[in-house]
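Residue numbers (the numbering used here): 24 to 648.
Some notes on the structure that comes next.
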């Protein structure tokens, strides 16, 4: 772990990233490890760590009270959930026991006394978000056992580890569930649920139920939420009080439920909501009964605040960390995330320092990126760190999602390109998160239009700024970012070269073939009223595959054949059509990759192929210094 207060002294030590040297190519970047989902139990700190040396296999690591680090799952197990395709938190700890989900079979395993035991034996379930109370495990289940169904069944499951052969359905009937949390006295369970066609950030509900002696739920009551209201990260403050984040104006704010009453705990200047793409994300943690540490977004920047719930005030903490998960120990605040010089590590601050300085702003020395507004969107610009070309080429990157945002922390991939002499501009177009709820929702009904307009505006802005050679502009995007990229290329010839990872290109086909979690997402992005009124003409006008004849730009495609989000045949069809049109296009398919590449060899190969494609199509050797 990395002490935030010691960062300036340790910038060349553990936690930093450098351009590592591959045996085959000395310029390929490798992130040694990624650490996330920290947990604390019995004086031990746990986390998930994926290692590039082992194809990003995910292991449970433990730091004990003697400062010894142990790998608890070794090379045999890969700790990862497949729920909603994107997974998320896949382990839980309780009084020295560690329960985890093995990626290959999605069964639950127990680590106890340094031995690993298989607890469940099923073949058609996916499990995630485990919660423990005594011998009862509560978790999210995605049941694929009825193969004839279009979609799996989702429910909250209960397992008594003394009788592990039977998983009992205790909450069912809704499309999706998340965040099962047990009160400390074990008498109540809370959870989130939502129905199709909505995503959890569009319409979710918070429920609480009474737990019977056998672990089942007898009575359940709705606390808050509904259509048009997003609830995020419910937590027990104590046995009878619940904290959670809910939309309020243009931000997600902290709310408090106590004695059947809901009230705003504290109005803050930051947006605490996060899109629940993966299970287990957090924006706050309770330090003590009156004190909450929260992190959220303000105009593209992540900020931390310390909230005194009783006094109704807060203190700003300028840590500079961009985090997806927080954890409280008896002495420390743990943050899993990135800083300007660190990628995917775990940082810590001592609790006593925060509690003693609650009235004073706290700053950690770090370098903050600059965000520039370009018409209706925002960009971050990273200059080349080495002078390699006469006039540097520029990679313009469009993030995926589209309900997401560009990464503001340290990025090994970005560092790779800037060290190669490329500039990088990353775009937050309308619909991106981290700029408020109104900005996020501005893309609803307009996907394929507003995002395309915003990227075109950024390209024009870059050309007018005259920093880069306008004949050396590269556009890069993946998934929804690839969708926007292709629409941009169909409308403009300003881009000279493009790189596309597992892009959406056929919206009608996507509706027919995508997985359950996102099966209603496209309807929100295109607008249900638009779909009803325009039907097929809407899909044709927004789908890049229908405008493929307009694309004249050289493109390199990368696609995983195990992709359950974007059907691989979409990328194959794009390539075939461009090739038939005489456009310079390349395609690379990867048998064991899904939506988002994980294998070290795959990532390295793609970067080499990208660079080779850019060098050839932009004639970069000619302008090398």
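Every residue, glycine too, gets a C-beta built ideally from N, C-alpha and C.
Test: residue i CB closer than 8 Å to a CB of chain B
i	result
residue 628	Of the chains in the structure shown, none is chain B; there is only one protein chain.
Neighbourhood of residue i by C-beta distance below 8 Å, restricted to the same chain and skipping five residues each side
i	result
residue 84	58, 69, 70, 71, 72, 92, 93, 94 and 95
residue 472	565
residue 81	71, 72, 73, 101, 102, 103, 113 and 126
residue 657	Residue 657 cannot be examined here, being either before or after the span of the chain that is shown, 24 to 648.
residue 124	102, 103, 104, 113, 114, 130, 131, 132, 150, 151 and 153
residue 395	401, 402, 403 and 404
residue 293	274, 317, 318, 319, 320, 321, 326 and 328
residue 367	54, 56, 57, 58, 59, 359, 360 and 361
residue 268	254, 255, 256, 275, 276, 277, 278, 295, 296, 306 and 307
residue 264	279, 280 and 281
residue 491	414, 415, 416, 417, 446 and 485
residue 335	289
Beta bridge counterpart(s) of residue i as assigned by DSSP
i	result
residue 63	68
residue 85	69 and 93
residue 266	258 and 279
residue 252	249
residue 469	Per DSSP, none; premise fails for residue 469.
residue 122	115 and 133
residue 543	Answer is none; residue 543 lacks a bridge partner.
residue 419	448 and 498
residue 505	BP columns for residue 505 are empty, so no partner.
residue 373	355
residue 315	309 and 330
residue 628	The partner list for residue 628 (beta bridge, DSSP) is empty, contrary to what the question assumes.
residue 284	281
residue 336	331
residue 232	212 and 243
residue 74	56 and 80
residue 151	163
residue 294	320
residue 141	132
Neighbourhood of residue i by C-beta distance below 6 Å, restricted to the same chain and skipping five residues each side
i	result
residue 486	493
residue 385	Note on residue 385: pLDDT 48, under 50, position unreliable in the model; the coordinate value appears next. Cβ neighbours of residue 385 beyond the five flanking positions: 340.
residue 135	120
residue 449	403, 420 and 429
residue 598	580, 608 and 610
residue 658	In this structure the chain extends from 24 to 648, so residue 658 is not present and cannot be described.
residue 383	At residue 383 the pLDDT is 48, less than 50, meaning the model places this residue with poor confidence; the figure from the coordinates comes in the next sentence. Taken in chain order, the list of residues that qualify is empty.
residue 97	none
residue 577	520, 607 and 640
Whole-number beta carbon distance between residue j and residue i, since they are thought to touch under 8 Å
i	j	result
residue 480	residue 344	Contact doesn't hold; Cβ gap of about 31 Å is too wide.
residue 568	residue 528	5 Å
residue 545	residue 530	6 Å
residue 415	residue 641	Wrong, their Cβ atoms sit about 11 Å apart, outside the cutoff.
residue 724	residue 370	The question about residue 724 has no answer here: the residues shown for the chain are numbered 24 through 648.
residue 174	residue 539	4 Å
residue 392	residue 431	5 Å
residue 63	residue 352	4 Å
residue 348	residue 303	7 Å
residue 591	residue 557	Actually they do not touch by this definition, with Cβ atoms about 28 Å apart.
Other residues of its chain near residue i: CB distance less than 7 Å, five sequence neighbours each side excluded
i	result
residue 158	183, 184 and 185
residue 156	205 and 209
residue 461	273
residue 466	425, 453, 454, 473, 474 and 548
residue 614	584
residue 575	516 and 606
residue 218	197 and 198
Residue i CB to nearest heavy atom of the ligand NAP below 7 Å
i	result
residue 162	The model depicted lacks the ligand NAP and carries no ligand whatsoever.
Can we say the region 309-327 touches the region 498-511, given the rule of at least three CB pairs closer than 8 Å? no
Runs of beta strand (DSSP E) lying entirely within the region 342-369, each at least 3 residues, in chain order: 345-351 and 355-361
What residue ranges within the region 546-619 form continuous alpha helix (DSSP H) runs of no fewer than 4 residues, ordered along the chain? 551-557, 559-565 and 591-603
Does the region 325-341 come within contact of the region 289-299, defined as at least 3 CB pairs closer than 8 Å? yes
May I ask you to verify whether the region 414-428 touches the region 356-368, counting CB pairs closer than 8 Å and requiring at least 3? no
Spell out a yes or no on whether the region 362-377 and the region 443-461 are touching, meaning 3 or more CB-CB pairs, one atom from each, closer than 8 Å. no
Cβ pair count under 8 Å reaching 3, the region 223-241 against the region 293-306: yes
The region 518-529 in contact with the region 146-153 per 3-pair CB rule at 8 Å: no
Decide yes or no for the touch test of the region 629-636 against the region 589-605: beta carbon pairs closer than 8 Å, at least 3 of them. no
Sufficient close CB pairs (3 or more, under 8 Å) joining the region 546-556 to the region 577-585: no
Give the list of continuous beta strand (DSSP E) stretches no shorter than 3 residues that lie fully inside the region 155-215. 159-166, 176-183, 191-194 and 199-205
Does the count of Cβ pairs from the region 194-210 and the region 249-261 closer than 8 Å reach three? yes
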